[in-house]
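Numbering-wise, the sequence shown is residues 109 to 217 according to this note's numbering.
Heads up, the beta-carbon is just placed ideally off N, CA and C, and yes, glycines get one too.
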Amino acid sequence: MQKVSLEALARQQLSQAAASGRNAADTVVGGHEKVLRQTVIGMTSGSEMGEHENPGEATLYVLSGSVRLSAGGQQWDARTGDLLLLPDSRHSLLALADSALLLTVAKLG
């Protein structure tokens with residue numbers, strides 16, 4: 109059994125993102141070699157994750173802040189407490205405010 113404080117990790121990743129001037133992330137469950145992976149991501153306001161592929165079924169839970177997900181000419185805004193189901197297509201993410209996120213991915217195949 110392992111216990112992880114998502115609030116503490118969110119604060120840590122936001123602090124690292126602010127200090128480095130780029131996004132910060134820490135995988136807390138699984139990894140690239142596993143089917144399931146959960147990662148806490150810190151993004152400062154205005155930062156972006158450029159367009160990229162979805163590696164499998166994925167959700168994005170907004171721990172704090174607000175973000176905009178874009179895919180295929182559509183956009184969805186999410187804020188603290190919202191859960192986004194990531195599309196099975198190329199997509200990008202923009203931080204509308206300093207944000208901490210929990211990305212959950214279950215790789216296909």
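Residue i and residue j closer than 9 Å at C-beta
| i | j | result |
| --- | --- | --- |
| M151 | A125 | yes |
| L204 | S153 | yes |
| G173 | A214 | no |
| S128 | N162 | no |
| V143 | D134 | no |
| H160 | H199 | yes |
| T167 | L122 | no |
| A186 | L177 | yes |
| V136 | L117 | yes |
| S155 | R119 | no |
Outcome for residue i when other beta-carbon atoms lying within 10 angstroms are tallied against a minimum of 16
| i | result |
| --- | --- |
| Q183 | exposed |
| V170 | buried |
| V175 | buried |
| Q146 | buried |
| L209 | buried |
| S113 | exposed |
| L201 | buried |
Per DSSP, the bridge partner or partners of residue i
| i | result |
| --- | --- |
| K215 | G164 |
Any non-hydrogen atom of the ligand ATP within 8 Å of residue i CB
| i | result |
| --- | --- |
| L122 | This structure simply doesn't include the ligand ATP, nor any ligand for that matter. |
Considering only residues of the segment 129-209, which uninterrupted beta strand (DSSP E) runs meet the minimum length of 3 residues and lie entirely inside it, listed in chain order?
132-138, 144-151, 156-160, 164-172, 174-179, 182-187, 191-193, 199-203
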